[in-house]
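With UniProt numbering, the residue at position 155 of the sequence shown is 155, and numbering never jumps.
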Amino acid sequence: MDLILWRHAEAEDGSPDLKRALTRHGHVQARLMAQWLAPRLAQQSVRIVASEALRAQQTATALSTDFLVDPRLNPDVRGPADYLDVTGWPEGKEGDITILVAHQPTIGRLAGLLLTGLDQDLSTKKGAIWWIQRRLRGGAVQYCLRASISPDLLQNG
Numbered sequence: 001m002d003l004i005l006w007r008h009a010e011a012e013d014g015s016p017d018l019k020r021a022l023t024r025h026g027h028v029q030a031r032l033m034a035q036w037l038a039p040r041l042a043q044q045s046v047r048i049v050a051s052e053a054l055r056a057q058q059t060a061t062a063l064s065t066d067f068l069v070d071p072r073l074n075p076d077v078r079g080p081a082d083y084l085d086v087t088g089w090p091e092g093k094e095g096d097i098t099i100l101v102a103h104q105p106t107i108g109r110l111a112g113l114l115l116t117g118l119d120q121d122l123s124t125k126k127g128a129i130w131w132i133q134r135r136l137r138g139g140a141v142q143y144c145l146r147a148s149i150s151p152d153l154l155q156n157g
């Protein structure tokens, strides 16, 4: 099973926090990442879950309008365990992909936990993804980083 952790794209400042919308640049970031992801997700079983924050939902919408909303992904969650509860990961079937569209620092903490086994903060840029695959090799579970990319690397020129 694959897990894609997608940090929401750039959002406006202000409050209330859950109502903050993407900036014009944030919409571009989300579109670029969605264009990169789409061909890699074609013919796959994909489930997308976003937080209740408008900026996360707008980021998800760049890829698909078919997504779930879960408050356990909101910016005020307590830790990466909440995010894992949402996914059911790693119990899914091989070939299934879950995309969480959510927030720092929890996205980075979850990536760090899965990749290193330590609860540590890994920073990631707005609109960026961590694509982590759970696989079995020789009877042992491995967590493999398939991709980590930010939208600024996807811009032309």
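Ideal placement from N, C-alpha and C gives every residue a C-beta, glycine not left out.
Within its own chain, the residues whose Cβ lies closer than 7 Å to the Cβ of H25, once the five positions on either side in sequence are excluded, are E10, listed in chain order. A straight line joining the alpha-carbon of P39 with that of P80 spans about 28 Å. Between L5 and A140, the C-beta spacing is not below 9 Å. For P75 and T106, the gap between their C-alpha atoms comes out near 8 Å.
Excluding residues up to 5 positions away in sequence, A9, E10, K126, G127, P151 lie with their Cβ nearer than 7 Å to the Cβ of Q29 in the same chain. The alpha-carbon of G92 is positioned some 18 Å away from that of V101. No Cβ-Cβ contact shorter than 9 Å links R134 with D119. Secondary-structure assignment with DSSP links A147 through a beta bridge to W131.
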